[in-house]
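Residues in the sequence shown are numbered from 228 upward in steps of one, following this note's numbering. Cβ atoms here follow ideal geometry from the backbone N, Cα and C, with glycine treated the same way. In this text, all values refer to a predicted model and were calculated from it rather than measured experimentally. Report on the structure given below.
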Amino acid sequence: MMGKLIAFRVYRNNDQKTTNRFCQRFYGQDVTSHGGKYRSHKQGLLEEIPHVKLIRGVIIVAEEDAKRVIDFLKEYNAEIHVREVVLTPSDEQALKKKN
Numbered sequence: 228m229m230g231k232l233i234a235f236r237v238y239r240n241n242d243q244k245t246t247n248r249f250c251q252r253f254y255g256q257d258v259t260s261h262g263g264k265y266r267s268h269k270q271g272l273l274e275e276i277p278h279v280k281l282i283r284g285v286i287i288v289a290e291e292d293a294k295r296v297i298d299f300l301k302e303y304n305a306e307i308h309v310r311e312v313v314l315t316p317s318d319e320q321a322l323k324k325k326n
């Protein structure tokens, strides 16, 4: 089975506010307010898409999910490199969609 390796860098020309917004929308984030009294979770794109995170800024996704991730990264003017890769059995297991 084939997958897509996506390497990206977002932080080059963005201010801190934009970088924080990217992280919230891409990875998801637990947030608190009123000194920790209220807690909630902001859902991120990668929580909806099965993926394997190799290192910072490098993920493997299924071919059918790659366009969605790439389009999201382009919204933040990310530097993106995409390669087609052969998945290992453990990667295939991690990328299976949960019904």
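When you compare only the Cα positions, how much space is there between residue i and residue j?
i    : j    : result
R236 : R295 : 17 Å
I276 : G262 : 32 Å
K244 : E291 : 31 Å
E319 : A234 : 19 Å
Q251 : K269 : 7 Å
Residue i by DSSP, collapsed to three states: which one?
i    : result
R283 : coil
A321 : helix
N326 : Any reading at N326 must be qualified, since the residue scores a pLDDT of 38, below 50, and its modelled position is unreliable; no value is offered.
L232 : strand
N247 : helix
Check the DSSP bridge columns for residue i and list the partner residues they point to.
i    : result
K256 : In the sequence as displayed, the identity of residue 256 is Gln instead of Lys. According to DSSP, Q256 bridges with K269.
H308 : A234
G278 : The sequence shown places His at residue 278, not Gly. Per DSSP, V288.
V313 : M229
Under 7 Å between the Cβ atoms of residue i and residue j?
i    : j    : result
E311 : M229 : yes
I297 : L232 : no
By Cβ distance, which residues of its chain are closer than 7 Å to residue i, with the 5 residues on each side in sequence left out?
i    : result
S267 : V258
G284 : A234, F235 and R236
Only counting the same chain, and skipping five residues up and downstream in sequence, which positions put a Cβ closer than 8 Å to that of residue i?
i    : result
N240 : N304
Y238 : T246
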